[in-house]
Amino acid sequence: MTTSNQTISKETVAAIDAQHELMRLAYENADAALLGDEFFTDDAWVVGGADMTWRDRSGMVSLYRDIVGKYRWKNDRESLIQLSDNVVSEFLIGTIVPVDTTEETLAYKIQLIWTKADGKWKCLSQFFGMGTDFALKQ
Numbered sequence: 008m009t010t011s012n013q014t015i016s017k018e019t020v021a022a023i024d025a026q027h028e029l030m031r032l033a034y035e036n037a038d039a040a041l042l043g044d045e046f047f048t049d050d051a052w053v054v055g056g057a058d059m060t061w062r063d064r065s066g067m068v069s070l071y072r073d074i075v076g077k078y079r080w081k082n083d084r085e086s087l088i089q090l091s092d093n094v095v096s097e098f099l100i101g102t103i104v105p106v107d108t109t110e111e112t113l114a115y116k117i118q119l120i121w122t123k124a125d126g127k128w129k130c131l132s133q134f135f136g137m138g139t140d141f142a143l144k145q
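As structure tokens, then:
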């Protein structure tokens, strides 16, 4: 894990880890509203490849409602970078594993921007693309 010339507090790391557990539970319990209400900020953005874009709570619920319950979520953190007291950038590999074993497991390279408001860390933006490796390509 890297930091941007700052040490990320154990409390901040624990709070973000708790949000990832919330994501896992939302997938397990088919609860897209939980993500819209508790994981993302009210004005969050999610951007993927091509023209895939979702905004605010209704967009988050729309994005996840057909995924949660059908897949299980797991993530492997690559890097956590403190940008300011109230903003953290995270790079991770997110994998969704289908409940139906005949379906394909999908892996994504993801950047999350976390913001702390009213004492709670939530995801302000998520950028994703297919992939499993953040190694530099030259």
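Taking the working numbering, the leading residue of the sequence shown gets 8, the next gets one more, and so forth.
Ideal Cβ positions, reconstructed from N, Cα and C, are used throughout, including at glycine.
Residue i and residue j closer than 8 Å at C-beta
i              : j                 : result
isoleucine 117 : isoleucine 74     : no
glutamate 85   : phenylalanine 141 : yes
valine 94      : leucine 87        : no
glycine 76     : alanine 37        : yes
DSSP state of residue i mapped onto helix, strand, coil
i            : result
leucine 41   : helix
leucine 143  : coil
aspartate 63 : helix
glutamate 35 : helix
serine 91    : strand
threonine 9  : Note that threonine 9 scores 43 on pLDDT, short of 50, meaning its location in the model is unreliable; the coordinates nonetheless yield the value given after this. Reduced to three states, the DSSP call for threonine 9 is coil.
threonine 19 : helix
valine 68    : helix
DSSP beta-bridge partners of residue i
i                : result
leucine 99       : Arg84 and Ile117
methionine 30    : Beta-bridge pairing links methionine 30 to no other residue.
phenylalanine 47 : Cys130
lysine 123       : Trp128
valine 53        : Trp61 and Gln133
Expected contact under 8 Å - CB spacing of residue i and residue j to nearest Å
i          : j           : result
glycine 43 : valine 68   : 4 Å
alanine 39 : arginine 72 : 4 Å
Contact with chain B by residue i, beta-carbon distance below 8 Å
i         : result
serine 69 : The structure shown contains no chain B; it is built from a single protein chain.
(request) Specify whether the segment 80–98 and the segment 26–36 touch according to this definition: at least 3 beta carbon pairs, one from each stretch, less than 8 Å apart. (result) When Cβ pairs closer than 8 Å are counted between the two stretches, the segment 80–98 is seen to touch the segment 26–36, the count reaching three or more.
(request) Spell out a yes or no on whether the segment 38–48 and the segment 114–134 are touching, meaning 3 or more CB-CB pairs, one atom from each, closer than 8 Å. (result) Yes, they touch.
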